[in-house]
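Chemist: Numbering (the working numbering), first residue to last: -10 to 107.
Built from N, CA and C at the ideal position, the CB exists for glycine as well.
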């Protein structure tokens, strides 16, 4: 995971100074797409969907909606976000966020912090 993120950051940095900006943007979108595939294989559907959404934004900034690459990315994103696994992961993620929020604001089991001695 870290090596893919490192590769993505490197490609983003290189695209700033590259002469072929469109090619660089498409390279970044390819890396995001590959990251989505790996995330999906690891059953991390939320990350896969987020990567494909970013990938699609980049593709659509250069290519038209009828382009094969754009259509394929849309199909992949739709397949992931309409799957039961993705919906379950979103529900579990929502529960985790709610539990975390409740635990942050629940002071019933916490004793007050001692004041520092002067």
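1. Helix, strand or coil, according to DSSP, for residue 11 in the structure here?
2. Would you check if the stretch 10 to 28 and the stretch 39 to 49 touch, i.e. whether three or more CB-CB distances between them fall below 8 Å?
3. Apart from the five residues just before and just after residue 63, which ones in its own chain have a Cβ nearer than 8 Å to its Cβ?
4. Short check: CB of residue 79 to CB of residue 35, under 8 Å?
5. Secondary structure at residue 76, three-state DSSP: helix, strand or coil?
6. Along the alpha helix (DSSP H) that carries residue 50, what are the first and last residues, could you check?
7. Cutting at 8 Å between CB atoms, please list the residues of its own chain near residue 21, excluding the five before and the five after it.
8. Assuming residue 52 contacts residue 58 (C-beta within less than 8 Å), just tell me the rounded distance between them.
9. Which residues bound the alpha helix (DSSP H) around residue 31?
10. So is residue 13 buried or exposed if we call it buried at 16+ other beta carbons inside 10 Å?
Modeler: Looking at the atomic coordinates:
1. Start at 1 with the first residue of the chain shown, and residue 11 comes out as number 22. Here residue 11 sits in helix by DSSP.
2. With the cut-off at 8 Å, the stretch 39 to 49 and the stretch 10 to 28 touch.
3. Looking up residue 63 in the chain shown gives position 74. Contacts found: 45.
4. Against the chain shown, residue 79 aligns to sequence position 90. Against the chain shown, residue 35 aligns to sequence position 46. The answer is yes: Cβ separation under 8 Å.
5. Within the chain shown, the letter at position 87 stands for residue 76. DSSP places residue 76 within a helical segment (H, G or I) once states are collapsed to three.
6. Locating residue 50 in the chain shown gives position 61, counting from the first residue. From DSSP, the alpha helix (DSSP H) with residue 50 extends over 34 to 51.
7. By 1-based counting over the chain shown, the position of residue 21 is 32. Closer than 8 Å at the Cβ level, and outside the excluded window around residue 21, lie -3, 40, 41, 43, 44 and 47.
8. The residue given as residue 52 occupies position 63 in the chain shown. The residue given as residue 58 occupies position 69 in the chain shown. Contact flag correct, Cβ pair sits at about 6 Å.
9. Within the chain shown, numbered from 1, the residue matching residue 31 stands at position 42. Element bounds for residue 31: n/a, residue is neither H nor E.
10. Stepping through the chain shown from its first residue, residue 13 is reached at position 24. Result: buried.
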